[in-house]
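Okay, so here's the structure we're looking at.
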Amino acid sequence: MRDSYDGVTIKVGGEGPTIDMRIGVKQGDPLSPLLLNLALDPVIAMLERICSGCPLGGGKRGCTLAFADDLVLLSESWEGMRRNIAILKTFCKVTGLIVQPTKCHGFLAQTRGNVRMVNRCEPWSLGEGRIHMVGPGETVKYLGVEISPWHGVVQPEMEMKLGGLGESPQPIRLKAITEDPDAEGLCNAQADL
Numbered sequence: 001m002r003d004s005y006d007g008v009t010i011k012v013g014g015e016g017p018t019i020d021m022r023i024g025v026k027q028g029d030p031l032s033p034l035l036l037n038l039a040l041d042p043v044i045a046m047l048e049r050i051c052s053g054c055p056l057g058g059g060k061r062g063c064t065l066a067f068a069d070d071l072v073l074l075s076e077s078w079e080g081m082r083r084n085i086a087i088l089k090t091f092c093k094v095t096g097l098i099v100q101p102t103k104c105h106g107f108l109a110q111t112r113g114n115v116r117m118v119n120r121c122e123p124w125s126l127g128e129g130r131i132h133m134v135g136p137g138e139t140v141k142y143l144g145v146e147i148s149p150w151h152g153v154v155q156p157e158m159e160m161k162l163g164g165l166g167e168s169p170q171p172i173r174l175k176a177i178t179e180d181p182d183a184e185g186l187c188n189a190q191a192d193l
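At position 72 of the sequence shown the residue is numbered 72 (the UniProt record's numbering), and the sequence of numbers has no breaks.
Structure (structure tokens):
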């Protein structure tokens with residue numbers, strides 16, 4: 001396995017100078033997803049075992065959502081998310097994996113009575129920097145889905161009718177689907193590893 005990564009070079013667009021590949025996995029290599037899963041599985045298992053997470057529906061709870069090199073950490077409190085991030089930092093320090101803080105986002109959505117609050121907290125830190133806190137008017141894209149701390153998952157509303165298929169397309173409007181308003185809080189931090 002190690003030999004297949006020793007002395008690997010790449011060319012951008014197949015032209016120009018070669019670039020030595022010293023970190024990461026080979027783009028397009030069928031082994032790359034398996035290698036990444038093997039690298040991330042221990043931290044995901046640890047987080048799921050140690051952390052309380054948050055409700056995911058159907059009576060299930062979770063601390064992580066993961067796909068390829070994207071990892072979402074979930075918690076019901078600011079302190080719980082701080083612990084999750086500390087576990088991720090320690091794991092990265094031990095394994096040599098690197099989190100790209102500029103690609104990380106987070107938010108804390110809380111409901112107290114009839115009042116909904118977003119990001120009434122200090123931002124979480126990752127390395128030397130702070131994680132970008134997604135504001136109530138912002139969305140962040142995860143696996144092609146827009147997520148808002150105020151509205152939850154934002155899905156396009158289908159406006160075109162079958163009779164209008166031959167005409168120019170109508171503009172797409174966004175419709176929000178919200179999470180349970182009775183929930184105490186929902187924290188979300190996204191990391192691109």
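The beta carbon of each residue, even a glycine, is placed where N, CA and C say it ideally should be.
- The C-beta separation of C63 from L71 comes to about 10 Å, leaving the pair out of contact by the 8 Å criterion.
- Non-local beta-carbon contacts of P136 in its own chain, meaning distances under 7 Å to residues more than five positions away in sequence, involve V118, P149, W150 in chain order.
- In this structure, A68 places its C-beta atom within 8 Å of the C-beta atom of L36.
- About 4 Å separates the Cβ atoms of V134 and F107, confirming a contact at the 8 Å cut-off.
- Distances from the alpha-carbon of L143 to those of L47, L65, L31, I44 put L65 closest.
- For the pair A45 and G16, the Cα-to-Cα distance works out to about 42 Å.
- Residue nearest to P101 within the set F91, R83, C121, S125 is S125 (criterion: CA-CA distance).
- Straight-line spacing of the CA atoms in V12 and I19 works out to 8 Å.
- Per DSSP, reduced to three states, the secondary structure at A109 is strand.
- Residue S75 holds the alpha-carbon nearest to the alpha-carbon of L56 among P42, L47, L40, S75.
- Take R61, set aside five residues on each side of it, and the residues of its chain with a beta-carbon closer than 8 Å to its own are S52, G53, C54, P55, in chain order.
- Taken through DSSP and simplified to helix, strand or coil, S32 comes out as helix.
- Here V94 is exposed: its Cβ has fewer than 16 other Cβ atoms, across all protein chains shown, within 10 Å.
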